[in-house]
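Reviewing the structure listed below.
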Amino acid sequence: MKWVTLLLLLLPFTTAAVTLYAGHRNEGAVKGLAVGGSLLTLGLAFVVAVPQLGDAAPETSVFTKTDALEPVISLATHVDQLSAVMILLASIVSFLVQLYSVGYLHDDPRYPSYATLVSIFTGSMLTVVMADDLWMLLVGWELMGVCSYFLISHHWELAEARAGAVKAFLMTRTADLGLLFAILLIGDRTGSYRITDAVVSAADFELPALLLVVAVIGKSAQFPLHSWLPDAMPGPTPISALIHAATMVAAGVFLVARMYPVFDADSLTLLAVVASITMLVSAFYALVTNDLKRVLAWSTVSQLAYMFAALAVGAWSAAVLHLLAHGAFKALLFLGAGSVVHAVGGRTSMTAMGGLREKLPDTFTTMTVGFGALAGVIPLVGFFSKDAIIHAGLDEVRHHEVIDEQAAWLVLIAMLVTAALTVAYSLRAWLRVFFGPVDPDLEVHESPATMRVPLYLLAVPTVLGGLVFVDPSQVLGERGEESLFHGSMAIAMTALVAVVAALVLYVWWSNDGADPWAPPVEELQPPEDLVYDVVLVRPLHALARAVVIHDREVVDSYANGAGASARGLGWLLRLAQNGSVQQYLMVVVIGAAAIAVAAGVLT
Amino acid sequence: MNAVLLNSLVAAPFVVALLVMLVGRRDQGSGVGLGVVGSLAVLGWSVAAVLEDRSVDEVWIASMDVHWHLVLDGISAPMILLTTLVTFCCQVALVRHAPDCGGRADLAALLLLIESGVIGAFLAADMVLFFLFFEVALIPMWFVINAWGDPHDPAGRRYAANRFLVFTVLGSALMIVGFVLVRFESGTFDITQVSGASATAAALVGIGLAVKTPLWPVHIWLPDAHAKAPTVGSVILAALLLKLGTYGFIRFWLPLVDPDSAILPVFAALATVGIVYGALACLAQTELKRLIAYSSVGHMGFVVLAVASYTTIGVQAAIYASVAHGLITGLLFFAAGAIKDRYGTGDLHELKALYGAVPRLAGVLAFASVASLGLPGLAGFWGEMLAIRAALFPHEALPQETFVVLSVIAAFGVILTSAYFLRMMRITLQGPTLSEPKADLHALEWLAWSPLLILTVLLGVAPGLLLKPVADAMAGVLR
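Listed in order, the protein sequences are those of chains X and L. Numbering follows this note's numbering, with no gaps: position 549 of the first sequence is 549. Numbering follows this note's numbering, with no gaps: position 188 of the second sequence is 188.
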């Protein structure tokens with residue numbers, strides 16, 4: 001079994017190398033390699049993961065390690081129930097996406113590099129979910145980030161694709177510093193970089209846990225780093241399904257779930273507050289956005305916040321099951337959206353859609369199931385997972401065992417309001433895409449079979465996934481509760497869904513069948529972006545220009561001999577008299593370092 | 001037998017250089033061919049020597065007590081292998097790219113001469129020997145920049161070459177004064193016999209090495225020299241000559257410094273400012289080779305920060321980051337040179353959507369860029385990660401809070417590094433309009449670059465390869 005695990009890790013990377021090598025030599029072979037490689041990965045994933053479900057003991061393997069460092073860095077895997085379900089999610093969705101992409105990108109000249117990156121991504125995600133060594137996890141974590149960057153900018157001729165890719169990479173990488181320092185501190189305090197050691201350690205994890213929260217805020221696009229995910233939508237739609245909905249962005253939730261014992265009340269409170277703000281803000285954006293893919297992206301941000309909220313109130317298994325459920329129905333929704341976008345000629349704005357239910361019957365059926373699950377309609381999987389989470393929120397308000405009372409109330413209220421908003425925006429998107437007037441000029445055709453089959457395959461867990469909630473321990477072993485199904489909660493939530501749906505339909509009807517929430521401008525840009533631009537991006541660029549001028553004029557002056565001291569002094573004098581902001585900033589950087597040294601040396 | 005192996009490792013490139021020059025008189029092409037074969041032989045020889053792993057110690061100049069003391073251990077071995085490999089890659093690159101002004105066999109010979117000096121400096125355990133070999137490596141580089149540099153700007157390349165020489169020789173002068181002071185204090189030029197020196201001596205040697213590394217604010221010779229040199233010259237400068245400085249810090253500076261003195265925090269702070277300053281300078285560059293040149297200032301900052309932590313992990317980080325920088329920046333300069341060959345410009349705004357125009361070349365540049373910004377899983381990551389770690393947990397005699405602050409600033413430098421590489425890729429590799437498509441990568445370019453590509457991945461996934469030998473060789477470096 002040990003070597004099968006290693007093989008599972010290496011296979012996607014090998015597939016990537018072979019796909020890249022085959023490149024443009026043989027178009028057909030590349031498609032075969034990409035789909036065949038991911039099918040093989042899927043097969044191995046079942047072999048590795050299925051025996052680990054339920055009551056099985058986790059399997060830990062160490063392949064190699066370097067003892068030249070203290071603590072050692074090792075190539076080690078740990079496959080438990082959580083890893084197993086994540087392995088299955090990642091390999092299933094990535095296989096379906098590879099299959100779907102054959103149709104979606106059938107005449108795209110950049111297909112070989114695309115397929116290569118998807119394979120590398122799959123390998124990276126598997127690395128993250130199987131890693132026992134934190135450095136190994138970090139390698140996978142950031143490789144996913146770079147694959148995401150390249151795939152968002154797949155259409156690099158589009159300005160928004162270039163901008164979105166850079167934004168996604170820089171925002172996540174900045175947050176990743178949290179993970180880097182968390183790993184360094186954990187290694188220092190426990191004497192080991194192994195996750196299995198950290199979670200049983202009694203060391204002080206207060207600071208590392210806060211740093212881990214920073215890292216997942218970036219990766220899972222939570223407030224205040226939430227705006228990169230909607231901007232990542234210019235990437236090909238299958239990528240949005242795989243990376244920006246089902247797997248990579250959910251890796252933040254996975255990381256918290258994996259390292260759960262490390263988190264104390266402080267870090268969970270921070271997580272609760274962040275999640276509450278995020279789920280509300282992004283659900284609101286989802287309601288007033290015109291672009292179908294951006295609606296789904298905001299909804300992803302909101303649902304990820306739901307998972308974090310669940311973790312913050314101690315509902316570990318509900319969070320994990322919602323992650324899986326969301327992975328299935330959101331991948332379904334994105335692939336369905338891709339099918340719609342494909343049908344209407346590549347446009348993603350919902351103004352180009354409407355009345356498509358008869359022309360795209362398969363897409364309509366499957367997306368209806370997906371939207372239903374997102375809204376929490378009984379008996380779809382989203383209904384069960386959301387109920388379990390809200391029930392846990394209610395429990396926490398009653399008993400506040402994990403976080404304090406105010407935070408628990410905040411989480412519960414945010415969850416209820418978000419649940420209502422979710423029903424509203426799901427219904428709105430569904431109505432705008434599939435109902436209303438049809439554009440008569442539109443040449444619409446249903447997608448090819450390679451695109452429709454994945455939709456139906458994803459609809460299966462979306463419809464039947466609720467069965468897991470009857471006895472989660474069958475999947476998650478002893479960490480799964482006996483039952484996550486609560487009758488009274490189910491009735492209350494179904495009433496909520498019905499009332500909100502009725503309200504939406506009433507508003508819609510009284511607005512003469514037009515969308516009451518269409519934004520006045522085509523797209524709203526979150527105000528945080530402006531803040532980052534003014535506070536961070538522009539000063540940095542100004543500072544950079546100042547450095548270049550400084551390097552040419554001032555530092556050069558001392559190289560050129562005679563005038564050195566005079567000019568250097570002149571610069572200082574000029575600075576004192578009318579120095580610009582940029583030069584002050586550089587002085588501040590140098591000064592900060594100097595003060596740090598002086599403080600250290602003199603005391 | 002071991003003595004022969006080591007001595008001839010220094011002598012062999014020198015002999016090959018002479019032969020290349022002689023043969024080149026008759027026919028430039030066969031001269032370069034000989035250079036390729038010769039440098040391959042030296043590469044093989046260096047592998048054999050590393051496997052033997054011994055040292056030579058004989059009296060050389062008795063009156064001054066200068067020893068011919070060469071040491072090949074876990075610290076020098078990676079640098080030696082990097083040197084022989086990169087020189088081989090440069091020789092292969094010369095086969096196809098004849099400089100406009102001709103004389104490529106002479107250029108090949110000069111590179112081999114530099115190799116000889118660099119190998120000698122990496123092996124030397126005697127301070128005078130280190131100094132001499134250092135100079136042997138510098139002088140040919142002046143010719144390389146001055147004669148084969150940027151053909152469009154003769155005045156600029158002369159200026160760059162002169163400034164390079166003036167600065168580095170000035171650095172050497174400070175360094176040798178420091179070495180002589182050490183000789184007075186401890187009675188020997190043999191660094192393995194020295195334990196500690198006065199603050200003045202340590203400062204002089206440190207400043208001398210800081211010029212060569214280079215460390216902010218004495219880095220200003222670097223951007224011009226790297227940008228004006230011919231492609232192979234830039235590669236050798238970045239991959240090898242800068243490493244003389246960083247290696248000097250490890251081998252000839254650490255044994256001199258007192259961890260209780262203020263010198264380590266000061267150097268660490270200069271290194272950290274250099275990380276931020278270099279990254280900011282890159283963020284506003286408009287020329288590809290200048291951008292890569294400035295990126296070296298930042299990367300060398302990480303190396304010196306690691307060294308200044310005065311820990312074994314710091315030295316491991318410094319060697320790792322040095323080797324990784326050699327591979328990755330070599331690759332970056334090769335790619336930048338290939339782009340300049342094809343388009344006659346390195347101006348970022350004149351190069352448009354190279355992903356579409358020359359996809360494979362653009363792909364290599366993108367790969368080297370993400371490697372250089374420290375992506376985990378590629379070689380650049382471990383050096384910088386370990387440097388940050390070393391600064392976070394420095395030697396116990398050092399001011400802990402200072403180093404924590406510096407390590408956090410350095411970590412944000414990583415983000416700035418990502419920012420300027422992404423900016424460069426966004427301007428030159430992506431975009432709505434394409435530059436004119438040109439011939440994509442040639443087989444000889446693949447041959448010259450593939451060792452660097454492969455090692456960048458290999459050292460990214462197997463850090464133990466390089467960490468272990470360094471750890472084993474640490475005796476005597478730190479007090």
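Even glycine gets a Cβ: it sits at the ideal position worked out from N, Cα and C.
Which of helix, strand or coil DSSP assigns to L/S309: For the purposes of this step, residue 309 of chain L is taken as the residue at position 309 of the second sequence. It is coil, neither helix nor strand.
Test item: CB-CB of L/A362 and L/L429 under 8 Å: Here the question's residue 362 of chain L lines up with position 362 in the second sequence. Here the question's residue 429 of chain L lines up with position 429 in the second sequence. Yes. Within cutoff.
Assigned secondary structure, L/T329 (DSSP; H/G/I helix, E/B strand, else coil): The residue you call residue 329 of chain L lines up with position 329 of the second sequence. The answer is helix: DSSP assigns L/T329 an H, G or I state.
Continuous alpha helix (DSSP H) assignments of at least 4 residues falling wholly in the segment 450 to 535 of chain X: 473 to 476, 487 to 510, 527 to 532
The alpha helix (DSSP H) enclosing X/H322, as first and last residue numbers: Residue mapping note: residue 322 of chain X aligns to position 322 of the first sequence, counting from 1. Segment 316 to 343, the alpha helix (DSSP H) holding X/H322.
Buried versus exposed, by CB contacts within 10 Å (16 or more), L/R251: Numbered from 1 along the second sequence, position 251 holds the residue referred to as residue 251 of chain L. Buried.
Ordered list of alpha helix (DSSP H) runs contained in the segment 205 to 229 of chain X, each at least 4 residues: 206 to 219
X/F169 at chain L interface by Cβ criterion, 8 Å: Locating residue 169 of chain X in the first sequence gives position 169, counting from the first residue. It does: the Cβ of X/F169 has a partner Cβ on chain L nearer than 8 Å.
C-alpha gap between L/E396 and L/D260, whole angstroms: Indexing the second sequence from 1 puts residue 396 of chain L at position 396. Indexing the second sequence from 1 puts residue 260 of chain L at position 260. Using only the alpha carbons, I get a separation of about 9 Å.
Whole-number beta carbon distance between L/A321 and L/G383, since they are thought to touch under 8 Å: Walking along the second sequence from the start, residue 383 of chain L turns up at place 383. Walking along the second sequence from the start, residue 321 of chain L turns up at place 321. 3 Å between Cβ atoms; contact.
Partners in chain L for X/H541, counting only beta-carbon separations shorter than 8 Å: Residue numbering aside, residue 541 of chain X sits at position 541 when the first sequence is read from its first letter. Per Cβ cutoff of 8 Å: L283, A284.
Contact under 8 Å by Cβ, X/T66 with L/L467: Numbered from its first residue, the first sequence carries residue 66 of chain X at position 66. Numbered from its first residue, the second sequence carries residue 467 of chain L at position 467. Yes, these two residues count as a Cβ contact at 8 Å.
Contact with chain L by X/E443, beta-carbon distance below 8 Å: Taking the first sequence and counting its residues from 1, the one referred to as residue 443 of chain X is at position 443. It does not; no Cβ of chain L falls within 8 Å.
7 Å CB neighbourhood of X/P448 in its chain, flanking five on each side removed: As a first step, residue 448 of chain X is located in the first sequence; it is residue number 448 there, counting from the start. Here the set comprises G103.
Exposed unless 16 or more other CB atoms sit within 10 angstroms - verdict on L/T200: Residue mapping note: residue 200 of chain L aligns to position 200 of the second sequence, counting from 1. It counts as exposed.
Beta strand (DSSP E) segments (min. 3 residues) lying fully within the segment 101 to 171 of chain X: none
Minimum Cβ-Cβ distance from X/D204 to chain C less than 8 Å: No chain C appears in this structure, whose protein chains are X and L.
Interface residues of chain X facing L/F393 [CB-CB closer than 7 Å]: Here residue 393 of chain L is taken as the residue at index 393 of the second sequence, counted from 1. Simply D188.
Residue environment, X/V381, which counts as buried when at least 16 other CB atoms sit within 10 Å: Position 381 of the first sequence, counted from the first residue, corresponds to residue 381 of chain X. Result: buried.
Beta-carbon gap between L/V20 and L/L34 smaller than 8 Å: Taking the second sequence and counting its residues from 1, the one referred to as residue 20 of chain L is at position 20. Taking the second sequence and counting its residues from 1, the one referred to as residue 34 of chain L is at position 34. A contact, by the Cβ cut-off of 8 Å.
Span separating the alpha-carbon of X/P519 from that of X/M353: Counting from one through the first sequence, the residue named residue 519 of chain X turns up at place 519. Counting from one through the first sequence, the residue named residue 353 of chain X turns up at place 353. X/P519 and X/M353: Cα-Cα distance of roughly 16 Å.
Range of the contiguous beta strand (DSSP E) that encloses X/I73: As a working mapping, residue 73 of chain X is identified with position 73 in the first sequence. That run of the beta strand (DSSP E) goes 73 to 79.
Residue-chain proximity (X/E157, chain L), Cβ-Cβ < 8 Å: Walking along the first sequence from the start, residue 157 of chain X turns up at place 157. So yes, X/E157 belongs to the interface.
At least 3 beta-carbon pairs within less than 8 Å: the segment 307 to 326 of chain L vs the segment 265 to 272 of chain L: yes
Residue-level contact to chain X via CB, L/I207, 8 Å cutoff: Position 207 of the second sequence, counted from the start, is the residue given in the question as residue 207 of chain L. No, because no Cβ of chain X sits closer than 8 Å to the Cβ of L/I207.
L/M425 burial status per 10 Å Cβ neighbour count (16 or more: buried): Counting from 1 along the second sequence, the entry for residue 425 of chain L is found at position 425. Buried, because 16 or more other Cβ atoms sit within 10 Å of the Cβ of L/M425.
DSSP state of L/I388 mapped onto helix, strand, coil: Translated into positions along the second sequence, residue 388 of chain L becomes position 388. L/I388: helix per DSSP, three-state reduction.
For L/L453 and L/L51, the rounded distance between their alpha carbons: For this step, residue 51 of chain L is matched to residue 51 along the second sequence. For this step, residue 453 of chain L is matched to residue 453 along the second sequence. Between L/L51 and L/L453, the C-alpha separation is close to 24 Å.
Inter-residue spacing [alpha-carbon to alpha-carbon] between L/F302 and L/G460: Translated into the one-based positions of the second sequence, residue 302 of chain L becomes position 302. Translated into the one-based positions of the second sequence, residue 460 of chain L becomes position 460. Between L/F302 and L/G460, the C-alpha separation is close to 17 Å.
Residues within the segment 456 to 471 of chain L neighbouring chain X, beta-carbon criterion of under 7 Å: P463, G464, L467, K468, A471
Close beta carbons around L/V166, own chain, < 8 Å, minus the five adjacent residues each side: By one-based count along the second sequence, residue 166 of chain L stands at place 166. So the qualifying residues of the chain are W221.
Interfacial residues, the segment 250 to 268 of chain X to chain L, with Cβ spacing under 8 Å: none
Where X/V166 meets chain L, residues with beta-carbon distance less than 7 Å: If you number the first sequence from 1, residue 166 of chain X lands on position 166. Ordered by position in chain L, the residues that pass the 7 Å Cβ test against X/V166 are L422, R426.
Candidates L/S295, L/L215, L/E350, L/A357: closest to L/I556 by CA position: Nothing about residue 556 of chain L can be reported from this structure: the residues present for chain L run from 1 to 479 only.
Candidates L/S63, L/V10, L/S55, of which the one nearest L/W41 by Cα: Indexing the second sequence from 1 puts residue 41 of chain L at position 41. Contrary to the premise, residue 41 of chain L reads as Ala rather than Trp in this sequence. Comparing Cα positions, the closest option is L/V10.
Under 8 Å by beta carbon: chain L residues contacting X/V534: Translated into positions along the first sequence, residue 534 of chain X becomes position 534. By Cβ distance, chain L contributes nothing, its closest Cβ being about 17 Å from X/V534, past 8 Å.
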